[in-house]
Amino acid sequence: MVGYIVNRLLAAIPTLLGVAVITFLLMRAVPGDVVTSLVGLEANVSPERMAELRRLFGLDLPLHVQFGQWLGAVLQGDLGSSLRTGREVAQDLALRFPVTLQLTLMGLFTALLIAVPLGVLAAIRRGGFVDYFASLFAILGLSVPGFFLALLLILLFALALGWLPPAGFVPLAENPGENFRHMILPALSLGLILAGAVTRILRSSMLEVLSRDYIRTARAKGLSERVVIFRHALRNALIPVVTVIGIQFGSLLGGAVIIEQVFSLPGVGRFALEGINLRDYPVVQGTVLFVASAAVLVNLLVDLLYSLIDPRIRYE
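Okay, so the sequence shown: first residue is 1 according to UniProt numbering, each after it adds one.
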């Protein structure tokens with residue numbers, strides 16, 4: 001197991017290096033830079049002053065030199081500092097990552113709370129009303145854009161009913177109750193979308209497992225249907241579900257940009273979006289590399305969970 005983990009971590013190095021290179025080049029390919037963003041439309045800034053600002057930020061250096069300096073700092077644990085605020089990127093990520101992590105965990109919990117019972121019922125009652133409802137729910141979940149669902153939830157629960165706040169954020173340490181109220185709608189927006197995909201996959205996986213010989217053997221031994229479903233069938237049907245959850249967890253850590261923007265959450269995704277808009281290269285590069293590293297670790301943990309779900313799986 002230790003050797004497997006070490007090999008996976010070593011294999012992640014080329015992936016993270018590729019992410020760093022692509023992010024670096026894509027940001028430089030975007031028209032404009034942080035200097036033009038800072039200056040804006042002011043016409044009284046001379047070209048000499050613009051060139052001086054670029055030298056100050058190190059933007060006059062060749063691209064390979066800029067990348068080498070940044071990568072060398074990263075290898076020493078320094079993600080750089082924002083070109084606009086001067087704050088360390090790692091410091092801002094440490095403040096914003098708990099918000100994104102909480103949103104992701106609440107979204108996953110919401111998705112599993114809906115998808116697991118719905119997917120199981122759809123499989124054991126194939127062709128019935130629950131099955132058709134689950135299929136419709138899965139299609140809607142895969143088809144409806146996240147931002148559109150977020151706006152519908154705001155219109156219903158915040159503006160029409162007045163049950164929940166439409167936007168904003170309260171730190172968990174400051175007021176847990178208000179923090180939970182502000183995070184319900186964002187978590188629902190993420191969870192309902194993910195629940196559609198998980199429901200569809202779990203239903204298909206359950207149908208396949210329920211047709212296996214060991215399920216018929218378990219029923220022939222006189223085990224109750226609840227034991228057959230939850231102890232034998234569901235456990236073996238969870239492997240593809242865990243795979244999807246691991247992939248989605250990694251993508252949600254950096255992909256909940258629109259949801260964070262709609263609900264004004266100070267998370268990692270919104271932080272990266274602000275960096276892109278302002279051409280703040282260290283912010284974007286550090287955030288993308290951080291999220292990619294988190295995704296690699298999450299997928300490694302998912303692979304290790306396989307052996308807990310199915311003892312037949314072994315890593316050598």
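All residues carry an ideal CB built from backbone N, CA and C; glycine is no exception.
Model, not experiment: these values are computed from the prediction.
S46 - partner residues in DSSP beta bridges: Within the sequence shown, the letter at position 46 stands for residue 46. Beta-bridge pairing by DSSP links S46 to no other residue.
According to the Cβ coordinates, are A294 and L253 closer than 7 Å? To locate residue 294, count along the sequence shown from 1; it is residue 294. To locate residue 253, count along the sequence shown from 1; it is residue 253. The Cβ atoms of A294 and L253 sit closer than 7 Å to each other.
What whole-angstrom Cβ distance do L103 and M183 have, given they're in contact under 8 Å? Along the sequence shown, one-based indexing puts residue 103 at 103. Along the sequence shown, one-based indexing puts residue 183 at 183. Indeed they touch by this definition, with Cβ atoms about 6 Å apart.
Just mark Y281 as buried or exposed, buried being the case when its beta carbon has 16 or more other beta carbons within 10 Å. For the purposes of this step, residue 281 is identified with residue 281 of the sequence shown, where counting begins at 1. Flag for Y281 reads buried.
Look at the alpha carbon of L17 and the alpha carbon of D78, and state the distance between them as a whole number of angstroms. The count along the sequence shown starts at 1 and reaches residue 17 at position 17. The count along the sequence shown starts at 1 and reaches residue 78 at position 78. The alpha-carbon atoms of L17 and D78 are separated by roughly 15 Å.
So the alpha helix (DSSP H) S81 belongs to, where does it begin and stop? Locating residue 81 in the sequence shown gives position 81, counting from the first residue. Careful: S81 lies outside any alpha helix (DSSP H) and carries neither H nor E.
Distance between S204 and I139 (C-alpha atoms, nearest Å): Counting from one through the sequence shown, the residue named residue 139 turns up at place 139. Counting from one through the sequence shown, the residue named residue 204 turns up at place 204. If you take the alpha carbons of I139 and S204, they lie about 14 Å apart.
Proximity to residue 317 [Cα-Cα], best of L304, G286, D303 and N299: As displayed, the chain neither begins before 1 nor continues past 316, which places residue 317 out of reach and without an answer.
For V99, the nearest candidate out of T243, V2, I215 and P176 (CA to CA): Residue mapping note: residue 99 aligns to position 99 of the sequence shown, counting from 1. Looking at the Cα atoms, P176 is the closest of the given residues.
Nearest to V198 by alpha carbon, out of A73, L278 and F249? For the purposes of this step, residue 198 is identified with residue 198 of the sequence shown, where counting begins at 1. Nearest of A73, L278 and F249 to V198, Cα basis: F249.
If I measure Cβ to Cβ from A73 and keep anything under 7 Å in the same chain, skipping five residues before and after, which residues do I get? Here residue 73 is taken as the residue at index 73 of the sequence shown, counted from 1. For A73, where only same-chain residues beyond five positions count, the Cβ hits under 7 Å are G80.
Ends of the alpha helix (DSSP H) at L71? Within the sequence shown, the letter at position 71 stands for residue 71. Counted as a single uninterrupted DSSP element, the alpha helix (DSSP H) harbouring L71 occupies residues L63 to L75.
Going residue by residue through the region 180-260, where are the continuous alpha helix (DSSP H) segments of at least 4 residues, counting only ones entirely within it? Runs found: 213-220 and 234-255.
Assuming contact is defined by CB atoms lying nearer than 7 Å, are L202 and G127 in contact in what I supplied? Counted from its first residue, the sequence shown places residue 202 at position 202. Counted from its first residue, the sequence shown places residue 127 at position 127. No; because the gap between Cβ atoms is not below 7 Å, this pair is not in contact.
Excluding the 5 residues flanking L273 on each side, which residues of the same chain have their C-beta closer than 6 Å to its C-beta? As a working note, residue 273 is residue 273 in the sequence shown. Beyond the five residues adjoining it in sequence on each side, L273 comes within less than 6 Å, by CB distance, of V257 in the same chain, given in chain order.
Min CB distance A220 to chain B below 7 Å: Looking at the structure shown, chain B is missing, and only one protein chain is on hand.
Reduced DSSP category for E174 - H, G, I as helix; E, B as strand; rest coil: For the purposes of this step, residue 174 is taken as the residue at position 174 of the sequence shown. Secondary structure of E174 (DSSP, three-state): coil.
Rounded straight-line distance, which links the Cα of D303 to that of V244: Translated into positions along the sequence shown, residue 244 becomes position 244. Translated into positions along the sequence shown, residue 303 becomes position 303. Rounded to whole angstroms, V244 and D303 show a C-alpha spacing of 12 Å.
Which residue wins for smallest C-alpha separation from W70, given the options L289, V296, V298 and L305? Reading the sequence shown from its first residue, position 70 is the one you call residue 70. Looking from the CA of W70, the closest CA among L289, V296, V298 and L305 belongs to L289.
Nearest neighbour of A195, chosen from S264, G267, L108 and N277 [CA to CA]: If you number the sequence shown from 1, residue 195 lands on position 195. Checked all of S264, G267, L108 and N277; the closest Cα to A195 is L108.
Decide if I259 is buried, meaning its Cβ has at least 16 other Cβ atoms within 10 Å, or exposed. Indexing the sequence shown from 1 puts residue 259 at position 259. Around the beta-carbon of I259, 16 or more other beta-carbon atoms lie within 10 Å, marking it buried.
Note down the Cα distance separating S264 from N277, rounded to an integer number of angstroms. Numbered from its first residue, the sequence shown carries residue 264 at position 264. Numbered from its first residue, the sequence shown carries residue 277 at position 277. In a straight line, the C-alpha of S264 is about 16 Å away from that of N277.
Cutoff 7 Å; reference residue 319; Cβ partners in own chain excluding five residues on either side: Here the chain covers residues 1 to 316 and nothing more, so residue 319 does not appear.
Under 7 Å, do V30 and R54 count as touching if we go by C-beta distance? Locating residue 30 in the sequence shown gives position 30, where the first residue counts as 1. Locating residue 54 in the sequence shown gives position 54, where the first residue counts as 1. By the CB criterion at 7 Å, V30 and R54 fall outside the cutoff.
Nearest neighbour of G168, chosen from L161, A160, E178 and G162 [CA to CA]: Residue 168 sits at position 168 when you count from the first residue of the sequence shown. Checked all of L161, A160, E178 and G162; the closest Cα to G168 is E178.
So what does E88 bridge to, in DSSP terms? The residue given as residue 88 occupies position 88 in the sequence shown. In DSSP, E88 forms a bridge with S81.
Determine the burial state of T15: buried for a count of at least 16 other Cβ atoms within 10 Å of its Cβ, exposed for fewer. In the sequence shown, the residue the question calls residue 15 occupies position 15. Label assigned to T15: exposed.
In three-state terms, what does DSSP make of F263? Within the sequence shown, residue 263 is the residue found at index 263, counting from 1. In the displayed model, F263 falls within coil according to three-state DSSP, outside both helix and strand.
How big is the Cα-Cα spacing for R181 and L164? The sequence position of residue 181 within the sequence shown is 181, counting from 1. The sequence position of residue 164 within the sequence shown is 164, counting from 1. Each residue's Cα considered, the two are about 6 Å apart.
Under the three-state reduction of DSSP, which class applies to P117: helix, strand or coil? Here residue 117 refers to the residue found at position 117 of the sequence shown. Three-state result, P117: helix.
Local conformation of R54 per DSSP, three classes: Taking the first residue of the sequence shown as position 1, residue 54 is located at position 54. Of the three classes helix, strand and coil, the one that applies to R54 here is helix, per DSSP.
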